[in-house]
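J.:
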Amino acid sequence: MKRFIMSAVFLLLAAAAHAGVHGRLMDLCGVLRVPGGDPSLLTRVRLEASYDQDLDASWRLELGGLGTFTRAETPFSPPSSFDGQNGYDRLEWEELRSSGRALWSARAQKAFLKYAHGRWEVAAGRVPMVWGDSKFFRPTGVFRAAQPLEAFGDPPVGSDGADAQVQLAANTALEAAGRVLRDGSVEGVVRLENRGIGVMGTPLYAYRAKSSGVGAEVAATFKKFQLRAEGVTWKREGQKDWLVEAIGGLSLVIREFPVHLEVLKDGTGEALGAAVSGLSPDQAYATAKVETPRIYRVRFSPTLAKGFSRGDVMAMPGFVCEPTDHWSLGVDGMWFLGNGTGTLSALPSRMWGFVSLVF
């Protein structure tokens, strides 16, 4: 029965492409190696679809869903996108075998109504709530919309709640957002966004389950480079110390090649997701990313990451070729340049080729 439901969801999403729905179908095949294990073959199919409709001048409806099938010869952990707080609504079927694990999953990524009129903008339902401008990790995205080292790069899941924003002045807006978790607890954030010509500063206050925090996001943009920093200091219930999650970065253009350099302080031990959470709290990481111009429909965006204390360098290739406006193919993944030591080595190594169709 579960297999039938999952198959029906895939067919419905595919048929929706003929009803004004847009999205992406991706197929990848490669190799996965969990820490301490042997390399194994990995296959994955992902179908994402969304439907956006302006109901009138003020109201807008947005819907989006994601269906996946993943199989590896050895057991693997589900992607972090399956571990969100909105898990009660997902349809999931998995099969564990001696030869590995197969996982079907489908879920709503977004489903909300948005009202915009004058100075006000309000959205309610399953709303994408994503904040921060850093490249590797965004501490001010307090609802953890996406993990920085998400294995498959799935689009982030929205939060069940509401987000309201009012324009106080030409460059200043006050925003308040809240969500309800599946256990009934409530989380929220209040932000005062200030954006001027070349400068930006946004203080915030946030509370999550059993913790609260204050933070800020600042950036200064010049002709050929940008300096930015964002962070939140968290206070957990029953603890006296404040824990800092912060990242600072520099982006510049060198001969038409954008370069991004960032340093992350993970004072909570939670920034990089469940795979490395709690293994070694209060760590620092350095990252570097280069983006090539789109030449002959080819893009290359290699990324390197390394812990300050010890451990190997983690590499991600990010190679994409776009022969047409609808088709793309490339090579991606993550592997370690060394023997696989340090906190990042708790993540699985992987490398795959993929083909993607945008409809």
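All letters in the sequence shown, in the order written, are residues -8 to 350 by my numbering.
All C-beta atoms in this analysis are idealised placements derived from N, C-alpha and C, irrespective of residue type, glycine included.
Should E228 be labelled buried (16 or more other beta-carbon atoms within 10 Å of its own) or exposed?
T.: Position 237 of the sequence shown, counted from the first residue, corresponds to residue 228. E228 comes out exposed.
J.: Which same chain residues end up closer than 7 Å to F345 when comparing Cβ atoms and leaving out the 5 residues on each side of it in sequence?
T.: Here residue 345 corresponds to residue number 354 of the sequence shown, with the count starting at 1. Closer than 7 Å at Cβ, skipping near neighbours: M17, D18, L19, L320, G321, D323.
J.: Would you report the Cα separation of P139 and W95, rounded to the nearest angstrom?
T.: Here the question's residue 139 lines up with position 148 in the sequence shown. Here the question's residue 95 lines up with position 104 in the sequence shown. One C-alpha to the other measures close to 23 Å.
J.: On the criterion of 16 or more Cβ atoms from any shown chain inside 10 Å, does I286 qualify as buried, or is it exposed?
T.: Translated into the one-based positions of the sequence shown, residue 286 becomes position 295. Burial call: exposed.
J.: Rounded to whole angstroms, what's the CA-CA distance from G302 to P339? Just pull it up for me.
T.: What you label residue 302 is simply residue 311 of the sequence shown in a count that begins at 1. What you label residue 339 is simply residue 348 of the sequence shown in a count that begins at 1. Going by the C-alpha atoms only, they are around 15 Å apart.
J.: Confirm, please, whether the CB-CB distance from Y198 to E178 is below 8 Å.
T.: Within the sequence shown, numbered from 1, the residue matching residue 178 stands at position 187. Within the sequence shown, numbered from 1, the residue matching residue 198 stands at position 207. Taking 8 Å as the Cβ cut-off, E178 and Y198 qualify as a contacting pair.
J.: Check A200 in the structure and name its three-state DSSP category.
T.: Stepping through the sequence shown from its first residue, residue 200 is reached at position 209. A200: coil per DSSP, three-state reduction.
J.: Below 7 Å CB to CB, which residues in the same chain sit around V244 once its five sequence neighbours on both sides are set aside?
T.: Here residue 244 refers to the residue found at position 253 when the sequence shown is read from its first residue. Excluding positions up to five away in sequence, the list reads K215.
J.: Quick one: residues in its chain with C-beta nearer than 7 Å to the C-beta of V235, no 5 flanking neighbours on either side, listed in chain order?
T.: In the sequence shown, counting from the first residue as 1, residue 235 sits at position 244. Taken in chain order, the residues that qualify are G222, T224, K256, G258.
J.: Would you give the residue range spanned by the beta strand (DSSP E) that L255 belongs to?
T.: Locating residue 255 in the sequence shown gives position 264, counting from the first residue. Looking at the DSSP string, the run of the beta strand (DSSP E) that includes L255 is 248 to 257.
J.: Within 10 angstroms of the Cβ of D47, are there 16 or more other Cβ atoms? Answer buried if so, exposed if not.
T.: Within the sequence shown, the letter at position 56 stands for residue 47. Result: exposed.
J.: Quick one: using the 10 Å Cβ neighbour count with 16 as the cut-off for buried, is D145 buried or exposed?
T.: On the sequence shown, residue 145 is found 154 positions in, with the first residue counted as 1. Under this definition D145 is a buried residue.
J.: Could you give the DSSP three-state label for A296: helix, strand or coil?
T.: Within the sequence shown, the letter at position 305 stands for residue 296. Of the three classes helix, strand and coil, the one that applies to A296 here is strand, per DSSP.
J.: Taking the C-alpha atoms as reference points, what is the distance between D74 and T61?
T.: What you label residue 74 is simply residue 83 of the sequence shown in a count that begins at 1. What you label residue 61 is simply residue 70 of the sequence shown in a count that begins at 1. Any answer about D74 is weak, because its pLDDT of 44 lies below 50 and its placement is not dependable; what the coordinates show is given next. Cα to Cα, D74 sits roughly 15 Å from T61.
J.: Going by the beta-carbon positions, is the gap between L33 and V25 smaller than 8 Å?
T.: Within the sequence shown, residue 33 is the residue found at index 42, counting from 1. Within the sequence shown, residue 25 is the residue found at index 34, counting from 1. Going by C-beta atoms, L33 is not nearer than 8 Å to V25.
J.: Can you give me the C-alpha to C-alpha distance between R173 and R288, rounded to a whole angstrom?
T.: Looking up residue 173 in the sequence shown gives position 182. Looking up residue 288 in the sequence shown gives position 297. Each residue's alpha carbon lies about 43 Å from the other.
J.: My output table needs one value for A210: the three-state DSSP class, helix, strand or coil.
T.: For this step, residue 210 is matched to residue 219 along the sequence shown. Strand at A210.
J.: Could you tell me which of I238, R51, R290, R186 sits nearest to K126, measuring between CA atoms?
T.: In the sequence shown, the residue the question calls residue 126 occupies position 135. Nearest option by C-alpha distance: I238.
J.: Report buried or exposed for S242, applying the criterion of at least 16 other Cβ atoms within 10 angstroms of its Cβ.
T.: Counting from 1 along the sequence shown, the entry for residue 242 is found at position 251. Classification for S242: buried.
J.: Cβ of M191 within 8 Å of Cβ of V205?
T.: Position 200 of the sequence shown, counted from the start, is the residue given in the question as residue 191. Position 214 of the sequence shown, counted from the start, is the residue given in the question as residue 205. In this structure, V205 does not lie closer than 8 Å to M191 by Cβ.
J.: I'd like to know whether the C-beta atoms of R51 and K105 end up nearer to each other than 8 Å.
T.: Reading the sequence shown from its first residue, position 60 is the one you call residue 51. Reading the sequence shown from its first residue, position 114 is the one you call residue 105. Contact flag set, yes.
J.: Pull up the distance between the alpha-carbon of G109 and that of T315, whole angstroms please.
T.: The sequence position of residue 109 within the sequence shown is 118, counting from 1. The sequence position of residue 315 within the sequence shown is 324, counting from 1. Each residue's alpha carbon lies about 40 Å from the other.
J.: Given a cut-off of 8 Å, decide if W111 and V181 are closer than it, judged by their beta-carbon atoms.
T.: Taking the sequence shown and counting its residues from 1, one reaches residue 181 at position 190. Taking the sequence shown and counting its residues from 1, one reaches residue 111 at position 120. Cβ distance not < 8 Å, so V181 and W111 don't count as in contact.
J.: Measuring only the C-alpha atoms, how far is G187 from V121?
T.: Here residue 187 is taken as the residue at index 196 of the sequence shown, counted from 1. Here residue 121 is taken as the residue at index 130 of the sequence shown, counted from 1. Answer to the nearest angstrom: the Cα atoms are 20 Å apart.
J.: How far does the beta strand (DSSP E) with Y42 in it reach, from first residue to last?
T.: For the purposes of this step, residue 42 is taken as residue 51 along the sequence shown, with counting starting at 1. That run of the beta strand (DSSP E) goes 31 to 45.
J.: Based on Cα-Cα distance, which residue from L295, V267, R290, G264 lies nearest to H251?
T.: On the sequence shown, residue 251 is found 260 positions in, with the first residue counted as 1. It is L295.
J.: Taking the beta strand (DSSP E) that Y276 belongs to, which residues open and close that run?
T.: Walking along the sequence shown from the start, residue 276 turns up at place 285. First-last of the beta strand (DSSP E) with Y276: 274 to 281.
J.: In angstroms with no decimal places, state the Cα-to-Cα distance between A220 and T193.
T.: On the sequence shown, position 229 is the one that residue 220 refers to. On the sequence shown, position 202 is the one that residue 193 refers to. Going from the Cα of A220 to the Cα of T193 covers about 11 Å.
J.: Which residue or residues does DSSP assign as beta-bridge partners of N185?
T.: Against the sequence shown, residue 185 aligns to sequence position 194. Paired residues: T163, G192.
J.: Any idea what DSSP makes of S336, helix, strand or coil?
T.: Counted from its first residue, the sequence shown places residue 336 at position 345. Three-state DSSP puts S336 in a helix.
J.: Can you round the beta-carbon distance between E248 and V281 to whole angstroms, since I take them to be within the 8 Å contact cut?
T.: Numbered from 1 along the sequence shown, position 257 holds the residue referred to as residue 248. Numbered from 1 along the sequence shown, position 290 holds the residue referred to as residue 281. In the sequence as displayed, the identity of residue 248 is Phe instead of Glu. F248 to V281, Cβ: 6 Å. Contact.
J.: Quick one: Cα of A99 to Cα of E261, how far?
T.: Locating residue 99 in the sequence shown gives position 108, counting from the first residue. Locating residue 261 in the sequence shown gives position 270, counting from the first residue. Distance between the alpha carbons of A99 and E261: 25 Å.
J.: Do you know offhand how far R117's Cα is from N330's?
T.: Here residue 117 refers to the residue found at position 126 when the sequence shown is read from its first residue. Here residue 330 refers to the residue found at position 339 when the sequence shown is read from its first residue. If I take the Cα positions, the gap works out to 42 Å.
J.: Kindly say whether H108, judged by its beta-carbon, lies nearer than 8 Å to any beta-carbon of chain C.
T.: Protein chain content of the structure displayed is limited to a single chain, and chain C is not contained in it.
J.: Going along the chain, which residues of its own chain have a beta-carbon closer than 6 Å to the beta-carbon of G394, five neighbours each way excluded?
T.: An answer regarding residue 394 cannot be provided, because it is not within the stretch -8 to 350 covered by the chain.
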